[in-house]
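Novice:
Protein chains: 2
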Amino acid sequence: MNPVKKKSKKKASNRRHPSVSIRDVAKRANVSIATVSRAVNGITSVDPELAKRVWKAVEEVGYVPNPQARALVSGRSHMLGLIVSEITNPFFPELVQEFENLAVAQGYEVMIGSTNYDPARTESLIRRMLQRNVDGVAVMTFGIEEDLVKKLVEGEFPLVFVDAGPKLPNIRVLKVNYGEGIREAVQHLAALGHRSIAFISGPLRLRSAMARRDAFSNSMNELGLTAPAGHIVEGDHTMEGGMAAIEQILSHAELPTAVVCSNDMTAIGVFHGLHRTTNTVPSDISVVGFDDIHLAQFMLPPLTTVQMSCKLLASAAVQALRAGIEPDHPRAAQKEWHIPTHLVVRQSSTFPRGTLPALRRKAAADPANAK
Amino acid sequence: MNPVKKKSKKKASNRRHPSVSIRDVAKRANVSIATVSRAVNGITSVDPELAKRVWKAVEEVGYVPNPQARALVSGRSHMLGLIVSEITNPFFPELVQEFENLAVAQGYEVMIGSTNYDPARTESLIRRMLQRNVDGVAVMTFGIEEDLVKKLVEGEFPLVFVDAGPKLPNIRVLKVNYGEGIREAVQHLAALGHRSIAFISGPLRLRSAMARRDAFSNSMNELGLTAPAGHIVEGDHTMEGGMAAIEQILSHAELPTAVVCSNDMTAIGVFHGLHRTTNTVPSDISVVGFDDIHLAQFMLPPLTTVQMSCKLLASAAVQALRAGIEPDHPRAAQKEWHIPTHLVVRQSSTFPRGTLPALRRKAAADPANAK
DNA sequence: CTGACTTTGGGAAACGCTTTCCAAGATGCG
DNA sequence: CGCATCTTGGAAAGCGTTTCCCAAAGTCAG
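Protein chains in written order, with the working numbering: chain A, 1090 to 1460; chain B, 1090 to 1460.
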């Protein structure tokens, strides 16, 4: 109420913490704030001697640029959006981890979100990312819904998709070579003697799920094999889905001797379903997964699976994003990145049941015998 | 070069996207920007009639406040930091998911990071969060390193810890009642007839790991049992660690009939190690986990484990954080939140080996028999 | 009817930074 | 030697908000 003490000192900032600003550096180095900004941002037109003085001052006063202010004026937040389908599917945390490491190492922060296959959720997620002004978004849901694309696409906002995406200058695509790894898987099984191989797909709304299923069919055809309709069933990339799917397959007239799954979680569900129906993996049925999550090697038996390197995926995603964001990035023109996949053979695949005992025994002896 | 066309129109903003500012709303509603701000932020001193007009204008021009600008001036970013130890441990994604859902529903964004038990990484993580000006941080690493605390603690920055933390006005603690669930586990095993029960702890630097181990010892003592030194070994909360630990235990003179693990990942590693040494779960050795991750019920056999609800944990964390951030939060004074734990019995625990066959058979018949 | 309060709403000053525009000094060329 | 071209560094204009301070208008008692 006292009208006298109106003018408080201009200090006493609102921020909670460091609160040493560019001005302090300028004062310390005895230059203008513009010079400090230029030096810090590595603009070449500043005298090296002077720049050194500035950097010294930065050290001394412990200056850290305020990202909010920086974003406000420059329009770039140095944040990357990362959208995955389901953070609780172990494949994604591995991907997130790699992505984050890379992004941070390159001066970006990352905003993560999972869609849970829910369009509404997805939309709100995108809205939030746009609102927070991320510099670009990597949509690693392995098969995005179209409307979602449209939402994001307006403008020349940098975007990275997996597998497929509209051909636009701002959009980069990570092409995963599913065929490669899946062919290896099918050939591996065929070489062991399997002729009746089933496939459990992911949710077919997802492009990638479709691609994997087609890769399977193609690989079968190449070998002159075909899977009857009842041997190709749709799962949903969860353990529950895998369990349901294998039960459906088991109810089919002809029992397959092997089953290939669209991801590792599905395979785990299959293990479980098979166990419940007193089938044994791999002696009754061989199982092959996809993704090669860390967990795969700890399954009982360890899971034969197709590896899709999330290191590679993450690194490509970050690179592609930066290519879209930074005006003169070396790879600015590159629109596609290619990701290979490869089979990793473990112990969930072996000769089909009913094969000569000699062979069977040999195979059984091979795996577990520590101690 | 032409000195004439200096003055470009003041439009053509730097931002990539929406770019409709508070000023546009003000113009549309024919009020000052101050009024718009007040209306939007629900300051009561604005006439309801006018407020309605403002809101209408907001709708019409599609205004969305810019969080950066907002943060810059208000000092609050509406971002919450969430630090976990290892995003690749399936327990944490489940927690992250819940946390994020709650935070977003309450108007906050979340910045996630995992320490991987690496102090350097942890420090950089915290630095980044502070720099990005998060409003508060939940440290859900279940036993934080002390120096990390110090780094954060200066100032009255809102912090939430699990299990333990300095008693300071800005710090809130989520107290997990490990004793409860672990006692249930031990009693469950004892009731089945187990007398020789081993324990695999987490990394003992972690407070929570210590707490779980102590809870185990106490529960054993209560029943007049003791575990020999060689039966209590230190793991590291990973599958690899669990495998190594069980091998160490198996090398001990006296073989336990059951083993309790400090978390589910450890238990999975134990399953694997036991399998490699041709022991069967649960007929040779019963195994009990901790956390009750989703995966637990899909193990073979499904894992008996102590449930620690990440829903509860997440909700408490968000609540506690808000209590520290918002000046007049109803629970501002509450410093502790309590989280219960409970045993979930599945099929990885049964009577000890060597118990009368009759009992054994009965137990074996009980679980799996679908089809 | 007047003076003292209370509401309301507007103008303008931050917030911390980037970037444009200019001036001044240095350099080159005819 | 004078004019044009480069470098460098400083001043200042924003970026989109919130919030402080006042003025205007309304309310009420004396």
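No residue lacks a Cβ here, since even glycine has one placed at the ideal position from N, Cα and C.
1) Buried or exposed: which applies to A:His1277, given that a residue is buried once 16 or more other Cβ atoms fall within 10 Å of its Cβ?
2) Restricting to Cα atoms, I'd like to know which of B:Ile1271, B:Gly1202, B:Leu1389, B:Cys1399 is closest to B:His1361.
3) Please return the same chain residues whose Cβ sits closer than 7 Å to the Cβ of B:Leu1432, not counting the five positions on each side in sequence.
4) Using a Cβ-Cβ cut-off of 7 Å (strictly less than) and excluding sequence neighbours within five positions of B:Ala1412, which residues of its own chain qualify?
5) What residue does the beta strand (DSSP E) around A:Asp1380 start on, and which one ends it?
6) Give a yes or no on whether the C-beta atoms belonging to A:Phe1231 and A:Asp1380 are separated by under 8 Å.
7) Determine the chain A residues that contact B:Val1036 at a beta-carbon separation under 8 Å, and present them in chain order.
8) Taking DSSP as the reference, what is the three-state secondary structure of B:Gly1254?
9) Could you give the uninterrupted runs of the alpha helix (DSSP H) lying entirely in the stretch 1173-1201 of chain A, keeping only those of 4 residues or more?
10) Could you check the C-alpha separation between B:Glu1189 and A:Asn1222 for me, to the nearest Å?
11) Between the stretch 1143-1176 of chain B and chain A, which residues of the former have CB atoms less than 8 Å from a CB of the latter, in chain order?
12) Can you give me, in chain order, the residues of the stretch 1281-1305 of chain A that have a beta carbon less than 7 Å from any beta carbon in chain B?
13) Does the distance between the C-beta of A:Asn1266 and the nearest non-hydrogen atom of the ligand FAD fall short of 7 Å?
14) Contact between the stretch 1323-1335 of chain B and the stretch 1353-1368 of chain B is defined here as three or more beta-carbon pairs at a separation below 8 Å; is this criterion met?
15) Would B:Leu1191 pass as an interface residue toward chain A - the criterion being a Cβ-Cβ separation below 8 Å?
16) Taking the straight line between their C-alpha atoms, what separation do you get for A:Leu1281 and A:Asp1373?
17) Once you ignore the five residues that flank B:Leu1191 on each side, which residues in its own chain have a CB closer than 7 Å to its CB?
18) According to DSSP, is A:Thr1444 part of a helix, a strand, or is it coil?
19) Give me the chain B residues within the contact set of A:Met1328, using Cβ-Cβ distance strictly less than 7 Å, ordered along the chain.
20) What does the alpha-carbon distance come out to for the pair B:Ala1356 and A:Gly1202?
21) Of all the alpha helix (DSSP H) runs that stay within the bounds of the stretch 1297-1333 of chain A, which reach a length of 4 or more residues?
22) By how many angstroms is the C-alpha of A:Thr1204 removed from the C-alpha of A:Thr1211?
23) Under 7 Å, CB to CB, which of the residues in the stretch 1216-1228 of chain A have a partner in chain B?
24) Go through its chain and collect everything with a Cβ distance to B:Val1376's Cβ below 6 Å, but skip five positions before and after it.
25) Which class does B:Met1388 belong to by DSSP, given the choice of helix, strand or coil?
26) Measuring only the C-alpha atoms, how far is A:Lys1239 from A:Ala1298?
27) What is the DSSP secondary structure of B:Val1125, reduced to helix, strand or coil?
28) Do we get a CB-CB distance below 8 Å when we pair B:Ile1201 with the residues of chain A?
29) Taking the Cβ atom as the reference point for each residue, do B:Arg1147 and B:Val1120 lie within a distance shorter than 8 Å?
30) Just to make sure I have the definition right: I need the residues of chain B whose C-beta is within less than 8 Å of the C-beta of A:Glu1198. Which are they?
Specialist: Working from what's here:
1) buried
2) B:Leu1389
3) Gly1270, Glu1273, Ala1274, His1277, Val1395
4) Arg1261, His1418, Arg1420, Ala1421, Gln1423
5) 1375-1380
6) no
7) Coverage of chain B is limited to positions 1090 through 1460, which leaves residue 1036 of chain B absent and any answer about it impossible.
8) coil
9) 1180-1194
10) 19 Å
11) Val1153, Asn1155, Pro1156, Gln1157, Ala1158, Ala1160, Leu1161, Val1162, Ser1163, Gly1164, Ser1166, Ile1176
12) none
13) Inclusion of the ligand FAD in the displayed structure is not the case, the ligand content being empty and no account of it being possible.
14) yes
15) no
16) 14 Å
17) Ala1403, Ser1404, Val1407
18) coil
19) Phe1387
20) 29 Å
21) none
22) 5 Å
23) Arg1217, Leu1219, Gln1220, Arg1221, Asn1222
24) Val1348, Ala1356, Val1359, Val1370, Ser1437
25) coil
26) 21 Å
27) helix
28) yes
29) As written in the sequence, residue 1147 of chain B is Val, which differs from the Arg given in the question. Going by C-beta atoms, B:Val1147 is not nearer than 8 Å to B:Val1120.
30) Met1200, Arg1217, Arg1221
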